[in-house]
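Working notes, beginning with the structure itself.
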Amino acid sequence: MNDLEKIDELRQRMRLSYTEAKLALDAAGGDLIQALISLEREAGSSRDQLLGKGKETWEVVKDGVIKASKARVKLKRGEKVLFTLPAPVGALGLVGALASTPIAVVGLAGTALALARKCTLEIDGEMDKG
Numbered sequence: 112m113n114d115l116e117k118i119d120e121l122r123q124r125m126r127l128s129y130t131e132a133k134l135a136l137d138a139a140g141g142d143l144i145q146a147l148i149s150l151e152r153e154a155g156s157s158r159d160q161l162l163g164k165g166k167e168t169w170e171v172v173k174d175g176v177i178k179a180s181k182a183r184v185k186l187k188r189g190e191k192v193l194f195t196l197p198a199p200v201g202a203l204g205l206v207g208a209l210a211s212t213p214i215a216v217v218g219l220a221g222t223a224l225a226l227a228r229k230c231t232l233e234i235d236g237e238m239d240k241g
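Residue numbering for the sequence shown is 112 to 241, as defined by our numbering.
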């Protein structure tokens, strides 16, 4: 089997460019089997790194959800709490307002009324403690 056939074999099996296949074959001293083994090892370590990053990302998301679930949004006038709801519910309301014009209008009217009555919004709990 000549070098071009080996390169074509590497390209087909590992989905490589000609350059990548040639470099792998050269690194293996022209041995097709050794080039395939080396490429499989590299692919496996890349996959392991990707899985590791995925697990790290999941942990960050999970921690964020746990912190958010402990947080509360409070509507206050002065020191008096008028309304309290879990932060995730408030976030769902925001998403709903962005997705639906009637909900957005109600939200805008409620915000204007709250501002007119000198109300404030506070986030109490884990979210603001980072």
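All C-beta atoms in this analysis are idealised placements derived from N, C-alpha and C, irrespective of residue type, glycine included.
In the structure shown, the three-state DSSP call for R188 is strand. The distance from the Cβ of A135 to that of L150 is about 6 Å, consistent with a contact at the 8 Å cut-off.
Considering only I234, G207, A227, the residue with the shortest C-alpha distance to G218 is G207.
Put simply, the backbone Cα of K164 is about 32 Å away from that of L143. Rounded to whole angstroms, the Cβ separation of A198 and V216 is 23 Å, and the two are not in contact under 8 Å. If you draw a straight line from the Cα of V172 to the Cα of V192, it is about 30 Å long. Under the DSSP assignment, L162 falls in the alpha helix (DSSP H) whose first and last residues are 143-181. Counting the other Cβ atoms within 10 Å of the Cβ of K117 gives 16 or more, which makes it buried. The beta-bridge partner set that DSSP reports for D235 consists of R183. For T222, DSSP records no beta bridge to any residue.
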